[in-house]
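Q: Residue numbers (the numbering used here), protein chains in the order written: chain S, 2 to 101; chain W, 2 to 101. Next up is a structure, given as structure tokens.
There are 2 protein chains.
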Amino acid sequence: MDSIISNINKFFESRVRLGIMSVLTVQSKAEFNHLKEILNLTDGNLASHLRVLESRGYISVNKKFEGRKPKTNYFATNEGKNAFQEHLNALEELIKGQKF
Amino acid sequence: MDSIISNINKFFESRVRLGIMSVLTVQSKAEFNHLKEILNLTDGNLASHLRVLESRGYISVNKKFEGRKPKTNYFATNEGKNAFQEHLNALEELIKGQKF
């Protein structure tokens with residue numbers, strides 16, 4: 002049965018994952034260290050949430066070297082962008098209280 | 002240090018608690034069975050989240066009898082309303098991506 006919260010995506014309940022997806026839908030890509038800084042997280046915490054989003058197919062990763070420095074960039078996939086937009090729509094609808 | 006997610010309230014990460022607070026800020030009060038139906042939850046799950054919100058001071062409870070029937074009504078406290086509003090503001094700011 003549908004309820005007023007059933008379209009809220011449990012993957013995005015975590016504020017860290019919400020933050021990651023927000024950054025990756027505003028910017029086309031973001032580097033690990035940029036995400037770490039903007040979200041104020043430890044390496045381990047950020048990496049763990051990125052793995053969850055990647056395993057769900059919501060983000061993808063691109064590793065390359067710039068000179069000698071390794072750069073790890075993250076992107077939102079189309080599936081991730083769509084899922085995030087649906088989540089925001091569900092939040093908006095819930096907050097407006099249209100269905101009560 | 003402040004980050005773009007630090008004003009997102011961890012108490013409201015759960016979509017159930019988000020749903021409860023949304024209902025209780027749109028309606029002045031809601032009965033246990035109404036919340037259970039509108040959020041499509043089991044008694045145990047709803048009761049557990051209500052206890053968390055009550056222990057945090059975000060909602061209060063009023064139990065009375067209407068005839069022979071016990072009625073349990075829930076209200077958002079002023080503290081709860083303020084905290085929820087701040088949470089929504091933080092979500093809005095994050096989603097707008099103003100700070101990236």
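Even glycine gets a Cβ: it sits at the ideal position worked out from N, Cα and C.
#1: Let me check understanding here. Comparing Cα to Cα, which of W:Arg69, W:Gly45, W:Leu36, W:Thr78 lies closest to Ser56 (chain W)?
#2: When the Cα atoms are used, what is the spatial distance from Val27 (chain S) to Lys64 (chain W)?
#3: To test your reading of the DSSP string, which unbroken beta strand (DSSP E) runs of 3 or more residues are found completely within the region 7–84 of chain S?
#4: On the CB-based measure, 16 or more other CB atoms within 10 Å of its CB, does Phe66 (chain W) come out buried or exposed?
#5: Tell me, to the nearest whole angstrom, how far the beta carbon of Arg16 (chain W) is from that of Lys11 (chain S); I am working on the premise that it is less than 8 angstroms.
#6: Once you ignore the five residues that flank Val24 (chain S) on each side, which residues in its own chain have a CB closer than 6 angstroms to its CB?
A: Well, looking at it:
#1: W:Thr78
#2: Val27 (chain S) and Lys64 (chain W) have their C-alpha atoms spaced approximately 47 angstroms apart.
#3: 60–67, 70–77
#4: exposed
#5: 7 angstroms
#6: Same-chain partners within the cutoff: Ala31.
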